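In my numbering, the protein residues as written are 25 to 350.
Written out as structure tokens, the structure reads:
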């Protein structure tokens, strides 16, 4: 009876093992497969194993093979490819579920991939909210970038804007950008690559839906000591909608009704000083930009820039130009 039971379950276990432990870069030979089945208390001869694999292929459970010294077997086709899995995992991480729920769902998604792919792709992602872009290649660009990060390689791409007729206008005359990728981050309806150049200090940020022909380079990333422990959450708090500028320590004074907004924008570990019952103050590093100024304007006076004076003057100039234009 035990032998009959193991024969009934054998094909299911065999295919599950091939899905879990193989992909196009990792194959198992006949002896290795037999050993894995034996761990599941399923015995099979080489001859019967070949027949089982042939049966799987006959019913469209595709198992590919090649021969070196031994015959090797691997599975490629899955319900989702790696780029799609990462995209779905990003959506889970961006949700308002608890940390445990996010981890549980992400782990379930990763089980639809092979173990090797899951390990490689879990390392490079950071999250925000759902993207809504027309670039149909975006998930494969994301996959290319994340693989390059996992492989410690530089990446190159073309970068473009859209004109009023939605035609692509390539920056730098279509010349390829070559950068050291740090992390892919999903924030406020867009995916971004945070990266750095060999010959420039600091980081740069590019929208991934504006990239074309992204590819992993053979050159390894240039090591930058100050970016070895790059904190993406801290970076996200400093950059408003990923429009970068010079980072400066800004003193802000705000109404008590803005407390939740402040915690959402800058995190809960910021040092807030109480001025009076209705007024608070904090100092926070911010990449100063038009987007930051527009956010301050949007608070309708509930958030004010106190210092440095140069930033206060830039904000007033920003306001003056808006009044002049309208």
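Just so you know, even glycine gets a beta-carbon here, dropped at the ideal spot from N, CA and C.
The structure presented is a predicted model; accordingly, all values stated were derived computationally and were not measured.
Beta-carbon gap between residue i and residue j smaller than 8 Å
i, j, result
"residue 251", "residue 230", "no"
"residue 207", "residue 254", "yes"
"residue 45", "residue 80", "no"
"residue 297", "residue 304", "yes"
"residue 110", "residue 66", "no"
"residue 53", "residue 85", "no"
"residue 126", "residue 76", "no"
"residue 58", "residue 108", "no"
"residue 242", "residue 222", "no"
"residue 280", "residue 302", "yes"
Cβ separation of residue i and residue j, assumed to be a contact under 8 Å, to the nearest whole Å
i, j, result
"residue 335", "residue 312", "6 Å"
"residue 240", "residue 171", "6 Å"
"residue 238", "residue 168", "5 Å"
"residue 286", "residue 299", "14 Å between Cβ atoms; not a contact."
"residue 290", "residue 314", "Between residue 314 and residue 290 the Cβ distance is about 19 Å, and since that is not below 8 Å, they are no contact."
"residue 166", "residue 232", "6 Å"
Residue i: first and last residue of the uninterrupted beta strand (DSSP E) it sits in
i, result
"residue 235", "235-244"
"residue 228", "228-231"
"residue 189", "Per DSSP, residue 189 belongs to no beta strand (DSSP E) and is neither H nor E."
"residue 274", "271-279"
"residue 299", "296-300"
"residue 58", "First-last for residue 58: 54-63, but that is the alpha helix (DSSP H), not the beta strand (DSSP E)."
"residue 393", "The structure shown does not extend to residue 393, since the chain spans only 25 to 350, so no value can be given for it."
"residue 307", "303-311"
"residue 214", "214-220"
Cut-off 7 Å between Cβ atoms - residues of its own chain near residue i, not counting five sequence neighbours on either side
i, result
"residue 282", "323, 326, 327"
"residue 346", "none"
"residue 187", "193"
"residue 64", "37"
"residue 273", "307, 309"
"residue 48", "98, 100"
"residue 191", "none"
"residue 87", "42, 77, 80, 81, 97, 99"
"residue 147", "A caution first: residue 147 carries a pLDDT of 48, below 50, which makes its placement in the model unreliable, though a value can still be read off. Around residue 147: 174."
"residue 198", "182"
Own chain partners of residue i with C-beta closer than 6 Å, once the 5 adjacent residues on each side are dropped
i, result
"residue 43", "99"
"residue 60", "41"
"residue 339", "317, 329"
"residue 20", "Any question about residue 20 goes unanswered here, given that the chain covers just 25 to 350."
"residue 129", "116"
"residue 271", "309, 311"
"residue 70", "54"
"residue 185", "193"
N-terminal and C-terminal residue of the alpha helix (DSSP H) that residue i is part of
i, result
"residue 81", "70-82"
"residue 90", "Where residue 90 is concerned, there is no enclosing alpha helix (DSSP H), although the beta strand (DSSP E) it sits in stretches over 88-91."
"residue 320", "314-322"
"residue 329", "Counting along the chain, residue 329 falls outside any alpha helix (DSSP H), though it belongs to the beta strand (DSSP E) covering 327-331."
"residue 251", "Here residue 251 belongs to no alpha helix (DSSP H), and DSSP marks it neither H nor E."
"residue 163", "162-174"
"residue 285", "283-290"
Spatial neighbours of residue i in its chain, beta-carbon cut-off 8 Å, leaving aside the 5 residues before and after
i, result
"residue 219", "179, 203, 204, 205, 206, 227, 228, 229, 230"
"residue 183", "194, 195, 196, 201, 230, 234, 235, 236"
"residue 90", "51, 96"
"residue 344", "none"
"residue 349", "none"
"residue 248", "204, 220"
The ligand ZN heavy atom lying under 7 Å from the CB of residue i
i, result
"residue 100", "In the structure on display, the ligand ZN does not appear, and there are no ligands present to speak of."
Query raised in the report: Within the chosen definition, does the segment 199-209 reach the segment 166-181 through at least 3 CB pairs nearer than 8 Å?
Result: Because the criterion of three Cβ pairs below 8 Å is met, the segment 199-209 and the segment 166-181 touch.
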